[in-house]
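To start, the structure itself, in structure tokens.
Number of protein chains: 2
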Amino acid sequence: MGALDECHYNEELENGVNIGGCVELGFEREPETIAIEKAVRVLLQGLGEDINREGIRKTPFRVAKALREGTRGYKQKVKDIVGGALFPEAGLESKIGHAGGAGGLVIVRDLDLFSYCESCLLPFQVKCHVGYVPSGQRVLGLSKLSRVAEVFAKRLQDPHRLANEICAALHHGIKPTGVAVVLQCSHIHFPDFDFNPNHENSVKTLVKSGSGVFDDEMADIWTDFLSLLRFRGIKFEKDCHLRKLVEKSWCPSLTLTKIGVPDCAMLSAVATILCSLGENPLRKELLETPDRFLKWLLNFKNSNLDLKLNGFVRLKKEECLISNGNEELLCSEVNLPFWSQCEHHLLPFHGVVHIGYYGSSKVNPVGKSLLQSIVHFYGFKLQVQERLTRQIAETVSSFLGGDVMVVVEASHTCMISRGIEKFGSSTATIAELGRFSMDPTARAIFLQIVPNFSPIAD
Amino acid sequence: MGALDECHYNEELENGVNIGGCVELGFEREPETIAIEKAVRVLLQGLGEDINREGIRKTPFRVAKALREGTRGYKQKVKDIVGGALFPEAGLESKIGHAGGAGGLVIVRDLDLFSYCESCLLPFQVKCHVGYVPSGQRVLGLSKLSRVAEVFAKRLQDPHRLANEICAALHHGIKPTGVAVVLQCSHIHFPDFDFNPNHENSVKTLVKSGSGVFDDEMADIWTDFLSLLRFRGIKFEKDCHLRKLVEKSWCPSLTLTKIGVPDCAMLSAVATILCSLGENPLRKELLETPDRFLKWLLNFKNSNLDLKLNGFVRLKKEECLISNGNEELLCSEVNLPFWSQCEHHLLPFHGVVHIGYYGSSKVNPVGKSLLQSIVHFYGFKLQVQERLTRQIAETVSSFLGGDVMVVVEASHTCMISRGIEKFGSSTATIAELGRFSMDPTARAIFLQIVPNFSPIAD
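In structure tokens:
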């Protein structure tokens, strides 16, 4: 699946090819890279994986590259970005008011960023809105607002600190009358094993930070700023009251209990990763991060769910066989949520599974919860989406009959948080068994039933 | 506004700072860079600009960097991208059908790309959807579908050729059962000087390309593929009938007449740019590109519109003064379209202007068309949005009274097509004169009237 490449000129490093005029100075041989690779091998082994398997052989390098690039903000300086990009711009001449370089509000909306959650080390998505009021007849090149925001997003973060750091850096860099930052953050939910149709894909929070004229949250200029964000689905008044609640429950890992018996080698591997990114694992907020990251990761331990499912399948299969034989209808079970972990990048991918089959009645003979268990069973592994789709189809067909179609729709963190940063992209994979593989009409009918899938980026 | 940086490690090249482990090998001193810079200086002078003015002094370098990075696809090889990323993946075992590595459709949707129009050299946006059917029990890492698409997007292109090239490259690289590519392309409209409220911001087209099992446009597998795109606003049947029409009118420059007296130095400068990007300016499709690019660029020649507007203002100003004196109402004229050209990057930014003022009746005393003329007057220059906003406010206030508020909402090509690639981002700037600068309620009422602005990225 290739490596992360913010630096497109280095795009083909992984394959040993350099296609541009830019030479990577031994990234592969840097001690931080090697330390992360080693730590990832420990994690893979802790998950029960064969680290020489073709799909994951290069995973340690891919993870090291993604993590180091994804936290490159530690090495960047705002002064270097802002320095060359302050342009003289006249303010109002002989008028009372604010405009141009003399106090007219400047806003950049809907900047897509991602960051890493310092609580659990998973990436989270950020929709960033920045405004400032120029002073001294200098304005900042608009794209620099985005670049400065990136410097702080590309670190281990918490939404409030991220907003505060962007705001403070811009205030210090531009020396304006004021800076306002609003962030809409979205964090993947930790798995919910009980089937819950209303389960949200992600935890969302809305934070803001202001300096100068934006220092006072009640200042009228906040009203101006928020007015121009109002079509972005931002309702601040309401959310602000929830702030205390949100602060406590932002990262879903914080509400989970500690893992039973921590694997010391794995915990220490995660701590090594934190060090190699330039962080101090003893910083208060990071103390339990290894534990919380493992809470996530150990969901994907090979064979975690085996036994539970095996018993279930046998029981239901018998029931199902009895009810067969009548006229068959095209039936479906759609929107079964799943979580999985991309084996190429050790990053989450998640979404929904839709299952079509033929049955004697519209009532699913094996029950939605069994299908959900099968989906979880194959989801909670290091996976690729193509294999997940096939495995679900094969298993389901063994007790829903040979005519089965499975569609998996997913949002891949590795398509968003790494170099290609394709926010809003989503994937779909299809498996067709028996009649579905031969009958386009059957496929078309089922695909009409499949509801709209919205990736978390939306 | 800084330079383009796909290569974030090189982010601060412009400021002479190198913040990562990656060294740019004399990009600044490469003959192609120098040739483009020289050509851009000719263009700036042809536009009547002082090339030593602070805002545009570094524009030649910024343009060279943006163009060369934006067409880096010429140097990239698909084989290098695909080579290391084909993973073994079992197909179905003892079942009839398609799945996993044995024929189950794999789709990546909603990849945001941009490309350069070979007809007029302006960037255009692409929403790319790619599917393929694996064979030989090998699947391609999902992010590689995006990377391969990028290789061809980062060239001078036409939508049909772009779709065909992505399709052929993937077919050749993966050797699958088939590949399908659907592109939704969006090209900025050339200026329309007559006020037309229904004027579209952009020309859109929808193209597709298929290989192998997708070779036949009527094949059932196209139905499967398109079913899973149906929520992306794609209605292919209808659009397909329009294909011939669309092909002819895709680039708006093609429907314009030739420019009157071509400036040979400027034409030759554009041809030099084409050469420096690695293109052959004698290629059939590029023969008239310099002429067409100048058709766009010369809209932004300083003083193009001066005379026309001056006459207009005098007339209307007198009429306006007569009708003053009654009780004043908060009035507005919203959604006045504008086109402008970012002076930092020679790239379009465009959007809408909203004007609030106080008047004696809800009927705009000077007429919408005069306000539109003023907007065009300040838009059709090399500009920055902050200055545009202030200039409109100052001019409008001279005949609508001193209490004026102007909001400019825009989508900046330089925020999308260069390194930061913030698709969907938009900007807003505000100028407040007189009462609006002192009365938050007046601002709030006016901002409530401002309608939703949708950047072309949406």
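One line per chain: the protein sequences are A and B, in this order. Here numbering that gives the first Met the number 0 is used: position 96 in the first sequence is 95, and no number is missing along the way. Here numbering that gives the first Met the number 0 is used: position 410 in the second sequence is 409, and no number is missing along the way. The beta-carbon is built from N, C-alpha and C at its ideal position, and this holds for glycine as well. Here the structure is a predicted model, which means the values were calculated and not measured.
For chain A, check one thing: does any of its Cβ atoms lie closer than 8 Å to the Cβ of residue i?
| i | result |
| --- | --- |
| Thr-58 of chain B | no |
| Lys-207 of chain B | no |
| Ile-106 of chain B | yes |
| Ser-145 of chain B | yes |
| Ile-429 of chain B | yes |
| Lys-64 of chain B | no |
| Arg-527 of chain B | Any answer about residue 527 of chain B is impossible in this case: the structure gives chain B only from 0 up to 457. |
| Glu-92 of chain B | yes |
| Asp-223 of chain B | yes |
| Leu-161 of chain B | no |
| Ile-444 of chain B | no |
| Leu-370 of chain B | no |
| Gly-400 of chain B | no |
Taking all protein chains shown into account, do 16 or more other C-beta atoms lie within 10 angstroms of the C-beta of residue i, making it buried, or fewer, making it exposed?
| i | result |
| --- | --- |
| Gly-96 of chain B | buried |
| Thr-254 of chain A | exposed |
| Arg-67 of chain A | buried |
| Asp-402 of chain B | buried |
| Pro-158 of chain B | buried |
| Arg-52 of chain B | exposed |
| Arg-434 of chain B | buried |
| Ser-275 of chain B | buried |
| Thr-440 of chain A | exposed |
| Gly-172 of chain A | buried |
| Val-362 of chain B | exposed |
| Arg-154 of chain A | buried |
Considering only their Cβ atoms, is the gap separating residue j from residue i smaller than 8 Å?
| i | j | result |
| --- | --- | --- |
| His-349 of chain B | Trp-338 of chain B | yes |
| Asp-49 of chain A | Gly-423 of chain B | no |
| Gly-130 of chain A | Phe-224 of chain A | yes |
| Ser-331 of chain A | Gly-366 of chain A | no |
| Pro-289 of chain A | Val-260 of chain A | no |
| Glu-460 of chain B | Phe-60 of chain B | Only positions 0 to 457 of chain B appear in this structure, which leaves residue 460 of chain B out of reach. |
| Ala-101 of chain A | Pro-122 of chain A | no |
| Glu-385 of chain A | Thr-58 of chain A | no |
Does chain B have any CB closer than 8 Å to the CB of residue i?
| i | result |
| --- | --- |
| Ser-360 of chain A | no |
| Pro-251 of chain A | no |
| Thr-412 of chain A | no |
| Phe-113 of chain A | no |
| Ile-33 of chain A | no |
| Gly-423 of chain A | yes |
| Val-383 of chain A | yes |
| Ala-441 of chain A | no |
| Ile-95 of chain A | yes |
| Arg-28 of chain A | no |
Nearest-angstrom Cα distance between residue i and residue j?
| i | j | result |
| --- | --- | --- |
| Val-351 of chain B | Phe-452 of chain B | 8 Å |
| Asp-262 of chain A | Thr-256 of chain A | 16 Å |
| Gly-177 of chain A | Glu-88 of chain A | 17 Å |
| Arg-71 of chain B | Ser-114 of chain B | 11 Å |
| Ser-210 of chain A | Glu-27 of chain A | 41 Å |
| Leu-399 of chain B | Asp-438 of chain B | 18 Å |
| Arg-442 of chain B | Phe-189 of chain B | 33 Å |
| Ser-360 of chain B | Leu-141 of chain A | 37 Å |
| Pro-336 of chain A | Cys-184 of chain A | 21 Å |
| Ser-425 of chain B | Ser-396 of chain A | 49 Å |
| Leu-306 of chain A | Lys-283 of chain A | Note that Leu-306 of chain A has pLDDT 42, beneath the 50 cutoff, so the model's placement of it is unreliable and no number is given. |
| Arg-291 of chain B | His-186 of chain B | 14 Å |
| Arg-137 of chain A | Leu-432 of chain B | 19 Å |
| Val-212 of chain B | Glu-164 of chain B | 17 Å |
Give the C-beta separation of residue i and residue j to the nearest angstrom, bearing in mind that I take them to be a contact with Cβ-Cβ under 8 Å.
| i | j | result |
| --- | --- | --- |
| Leu-91 of chain A | Arg-389 of chain B | 6 Å |
| Cys-119 of chain A | Ser-252 of chain A | 4 Å |
| Lys-500 of chain A | Ala-84 of chain A | Past the boundaries of the shown model lies residue 500 of chain A; chain A is included only from 0 to 457, so the question cannot be answered. |
| Val-147 of chain B | Val-77 of chain B | 5 Å |
| Gln-145 of chain B | Val-107 of chain B | Per the sequence shown, the amino acid found at residue 145 of chain B is Ser instead of Gln. Correct: roughly 7 Å between the Cβ atoms. |
| Met-217 of chain B | Gly-45 of chain B | About 51 Å; that fails the 8 Å criterion. |
| Ala-38 of chain A | Ile-272 of chain A | 5 Å |
| Ala-469 of chain A | Leu-161 of chain A | This structure leaves residue 469 of chain A out entirely; chain A is present only between 0 and 457. |
Following a CB-centred definition, is residue i positioned closer than 7 Å to any heavy atom of the ligand NAD?
| i | result |
| --- | --- |
| Ser-339 of chain B | Among the ligands in the structure shown, none appear at all, so the ligand NAD cannot be discussed. |
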